[in-house]
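Visitor:
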Amino acid sequence: MMNMGQKGRAIEQIGRQPCCDKVGLKKGPWTEEEDQKLVVFLLTLLILLCVWMCLCGFGLICLLLLIYWSML
1 MMNMGQKGRA IEQIGRQPCC DKVGLKKGPW TEEEDQKLVV FLLTLLILLC VWMCLCGFGL
61 ICLLLLIYWS ML
């Protein structure tokens with residue numbers, strides 16, 4: 001079904017625009033190397049968060065996270 005635009009012109013709205021296609025984007029399951037990179041990244045963040053919690057206390061971490069997310 002076609003929508004009618006300004007001045008009665010037909011506008012097709014089927015699928016994505018070609019400008020949205022990501023050239024070179026890898027699709028499908030992750031490789032073992034990508035899995036390892038993600039695990040290392042998340043563990044590093046976990047360690048840093050634990051260090052911050054030990055140094056500053058849990059209340060300050062909550063405040064910092066609240067400030068960070070409110071700025072986005």
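Residue numbers for the sequence shown follow full-length UniProt numbering, beginning at 1 and rising by one.
Backbone N, C-alpha and C fix where the C-beta goes; we use that ideal spot for every residue, glycine too.
From a predicted model like this one, the values you see are computed outputs, not experimental measurements.
(1) On the three-state DSSP scale, how would you describe Gly28?
(2) Would you tell me roughly how many angstroms separate the C-alpha atoms of Val23 and Ile67, rounded to the nearest one?
(3) Starting from the C-beta of Leu38, find all residues in its chain whose C-beta is less than 8 Å away, skip the five residues before and the five after it, and write them out in chain order.
Guide: Looking at the coordinates:
(1) Gly28: coil per DSSP, three-state reduction.
(2) Whole-angstrom Cα-Cα distance: 35 Å.
(3) Within the same chain, Leu38 has close Cβ partners Trp30.
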